[in-house]
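Presented below is the structure to which this report refers.
Chains as they are written, first to last, in the UniProt record's numbering: chain E, 1 to 329; chain S, 1 to 329.
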């Protein structure tokens, strides 16, 4: 019997293929059963349990150490200055990134209420009638953070010093992709090591991290591979942008086969050359007046943590000793 | 010369009272100058620097230890189960809290885009004309988290065991109160110890934490006081609710005089008796079938961290040794 989604071979219960769960659903079930994730009842939104959070924090610590060991890639070898942003950022900064041009479907905009008693009574009356009440709100001056590095470009000087700049950023990001796959959360943390400077510096930084991130993820016992990739640019025009990004080899993803052969391997990190995109949008120049280029190496903290549980099992106490050692568990 | 805001006495520069900055602005300036906070250009939204984040994480660790020492207040003495939620949560859960009835002005609702190429072209055309484009989005199924404990009530069983339940929650909250006062952030983290059960259990839990939180905050060298308080219920009807809350002594705030006599002391934590509000809204019953009561002791992580810097100075290396010891610095 052929299963419509081609996952019958992975089903634990023979004969139940009509109602068989996908590998994504089964991974999700195992995470919920182990208390690693907490179901909120809404696709792509999870709470985290104690054990999940412990591993994620260890991962952050390892990345902090990796950044220290990579300070040779930073201006003057002084390391990555730390920036931590919350989950929302100024709409004015979001607008500068032009994110809505390429990723409208992933965007989250925030509305707020600034009416008085009368407007509130009308809102409550609509709500009591079971109607939507968002039209009593108005677009606010903040947006959900689209990528961890987006708030940082606003912090850079318009004219960089000779050696350029660097940043270590970490924070919650929003991507509106409701999915039964726990690897695709809508709200998740991303850690990024950003370098800003001339094109040659940027290429060298990215090349070095392509190897360092690969070695690091391998040290966690993950079956990681590096693949040329593209961002999920929206719509028909987006296909051209995606092809251009692929052709120019500007994005490399670190992917892990979470679901074996049943689904494409999932990206848990990436090393990106944004060329002069952010330099243009945020008016950042190199010391010689040319538009600054930027690169970031980004680690999906939830995805990397989940890849560890998918690879080594939901009981971290039983993980291979080399993996525990790499994560200082 | 009388300063219109009554802060002339605190001004460092005599004769400059016309352009004198408020104590709030001067505290903000000192935090930005020290790299503790990072200005995003939008009121109430900040990035955090390395040193600020280090202190906040130490504070979290101290609270973890305080919770362990308070496990006598939890079901079976087993401690507070850990729940970590992201900055957004299901709209369905938000609706259950009835938050929009009492705090519409603090609420943040999320809109998303689900159109195709044509709608996206129209959005982009409006944006190019400099028009607002939020009307191309639609209300989504998520909201910004209004209080750290709000997502947790959905996780509780409809019928509690005899000993009730408890939770340790921590996460980003949103309150739309743009302000020049850095103590009033719009996006901040809150740590809460929640107890759910019969009214007597709830009163005892709150009473114990009133003392424990007080001692803890005192151990940080903070000039903290406990005061009866009320939530900022919205509008004219809200005044009645606020008075009722005050009269029934359901909310105690831990306040610190951040700005001396120049402004009211600021709450950095609170111990609250929500009576049967969440039990009703989330249909949670005690073992005997009666509606469950809830209490939470909530620590504003940014506010407590800022109170430390306001009290002991922006250089944590120079803090009193007893304070450093209390925070394991």
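In this text, a Cβ means the ideal position worked out from N, Cα and C, and glycines have one as well.
Just so we're clear, the structure is a prediction, and the values are computed from it rather than from any experiment.
Measure the alpha-carbon distance for residue i versus residue j and round it to whole angstroms.
i, j, result
"residue 92 of chain S", "residue 282 of chain S", "11 Å"
"residue 10 of chain E", "residue 201 of chain S", "Its pLDDT being 40, under 50, residue 10 of chain E is placed unreliably in this model, and the coordinates cannot settle the point."
"residue 296 of chain S", "residue 112 of chain E", "26 Å"
"residue 45 of chain E", "residue 318 of chain S", "42 Å"
"residue 315 of chain S", "residue 264 of chain E", "50 Å"
"residue 279 of chain S", "residue 167 of chain S", "15 Å"
"residue 304 of chain E", "residue 327 of chain E", "12 Å"
"residue 90 of chain E", "residue 322 of chain E", "43 Å"
"residue 1 of chain S", "residue 95 of chain S", "Caution is warranted here: a pLDDT of 31 is assigned to residue 1 of chain S, below 50, making its placement in the model unreliable, and no coordinate value can be reported."
"residue 83 of chain S", "residue 57 of chain S", "17 Å"
"residue 61 of chain E", "residue 288 of chain S", "46 Å"
"residue 207 of chain E", "residue 152 of chain E", "22 Å"
"residue 108 of chain S", "residue 149 of chain S", "16 Å"
"residue 239 of chain S", "residue 261 of chain S", "26 Å"
"residue 310 of chain E", "residue 223 of chain E", "11 Å"
"residue 329 of chain E", "residue 250 of chain S", "43 Å"
"residue 140 of chain E", "residue 184 of chain S", "17 Å"
"residue 236 of chain E", "residue 104 of chain E", "13 Å"
"residue 226 of chain E", "residue 220 of chain S", "48 Å"
"residue 248 of chain S", "residue 97 of chain S", "21 Å"
"residue 59 of chain S", "residue 306 of chain S", "11 Å"
"residue 228 of chain S", "residue 244 of chain S", "12 Å"
"residue 42 of chain E", "residue 218 of chain E", "33 Å"
"residue 117 of chain S", "residue 106 of chain E", "14 Å"
"residue 26 of chain E", "residue 51 of chain S", "42 Å"
"residue 133 of chain E", "residue 121 of chain E", "11 Å"
"residue 187 of chain S", "residue 129 of chain E", "31 Å"
"residue 6 of chain S", "residue 214 of chain S", "Low local confidence applies: a pLDDT of 32 at residue 6 of chain S is under 50, so the model's placement there is unreliable, with the coordinate-based value given in what follows. For residue 6 of chain S and residue 214 of chain S, the distance between alpha carbons rounds to 30 Å."
"residue 320 of chain E", "residue 203 of chain S", "47 Å"
Pop quiz: residue i and residue j are said to be a contact at Cβ under 8 Å. What is the actual Cβ separation, rounded to whole angstroms?
i, j, result
"residue 163 of chain S", "residue 75 of chain S", "4 Å"
"residue 197 of chain E", "residue 293 of chain E", "7 Å"
"residue 73 of chain E", "residue 205 of chain E", "5 Å"
"residue 269 of chain S", "residue 298 of chain S", "6 Å"
"residue 210 of chain E", "residue 252 of chain E", "6 Å"
"residue 154 of chain S", "residue 266 of chain E", "Not quite, the Cβ-Cβ distance comes to about 28 Å (not below 8 Å), so this is no contact."
"residue 302 of chain E", "residue 189 of chain E", "6 Å"
Smallest Cα separation from residue i: which of the options?
i, options, result
"residue 110 of chain E", "S:101, S:48 and S:87", "S:87"
"residue 193 of chain E", "E:300, E:327, E:90 and E:94", "E:300"
"residue 334 of chain E", "E:247, E:262 and E:102", "The shown model of chain E, from 1 to 329, leaves out residue 334 of chain E, and the question about it has no answer."
"residue 313 of chain E", "E:40, E:55 and E:47", "E:55"
"residue 272 of chain S", "S:246, S:79, S:222 and S:118", "S:246"
"residue 290 of chain S", "S:80, S:275 and S:222", "S:275"
"residue 70 of chain S", "S:286, S:324, S:237 and S:212", "S:212"
"residue 115 of chain E", "E:137, E:98, E:104 and E:129", "E:137"
"residue 119 of chain S", "S:135, S:228, S:306 and S:106", "S:135"
"residue 365 of chain S", "E:25, E:81 and E:53", "This structure leaves residue 365 of chain S out entirely; chain S is present only between 1 and 329."
"residue 199 of chain E", "E:286, E:218 and E:230", "E:286"
"residue 231 of chain E", "E:99, E:78 and E:79", "E:99"
"residue 49 of chain E", "S:85, S:218 and S:165", "S:85"
"residue 78 of chain E", "E:320, E:169, E:203 and E:165", "E:165"
"residue 53 of chain E", "S:284, S:169, S:187 and S:51", "S:169"
"residue 284 of chain E", "E:195, E:203 and E:320", "E:195"
Using DSSP bridges, identify the partner residues of residue i.
i, result
"residue 251 of chain E", "E:272"
"residue 297 of chain S", "S:193 and S:271"
"residue 168 of chain E", "E:82 and E:193"
"residue 144 of chain E", "E:88"
"residue 202 of chain E", "In the DSSP output, where bridge partners are listed per residue, residue 202 of chain E has none listed."
"residue 227 of chain S", "S:253"
"residue 46 of chain S", "S:39"
"residue 188 of chain S", "S:173"
"residue 291 of chain E", "E:285"
"residue 55 of chain S", "Paired residue(s): none; residue 55 of chain S is not in a bridge."
"residue 182 of chain E", "Per DSSP, none; premise fails for residue 182 of chain E."
"residue 159 of chain E", "E:285"
Do the region 155-163 of chain S and the region 125-144 of chain E meet, that is, are 3 or more Cβ pairs less than 8 Å apart? No: the two stretches stay apart, fewer than three of their Cβ pairs being nearer than 8 Å.
I want to know whether the region 137-151 of chain E touches the region 164-178 of chain E - three or more CB-CB distances under 8 Å.
yes
Q) Does the region 36-47 of chain S come close enough to the region 17-27 of chain S to have 3 or more Cβ pairs within less than 8 Å? A) Look at the beta carbons and you see the region 36-47 of chain S not touching the region 17-27 of chain S: under three pairs across the two are nearer than 8 Å.
Do three or more CB pairs link the region 62-82 of chain S to the region 179-186 of chain E at distances below 8 Å? no
At least three beta-carbon pairs within less than 8 Å, the region 25-33 of chain S to the region 252-263 of chain E
Flag = no, the region 25-33 of chain S and the region 252-263 of chain E do not touch.
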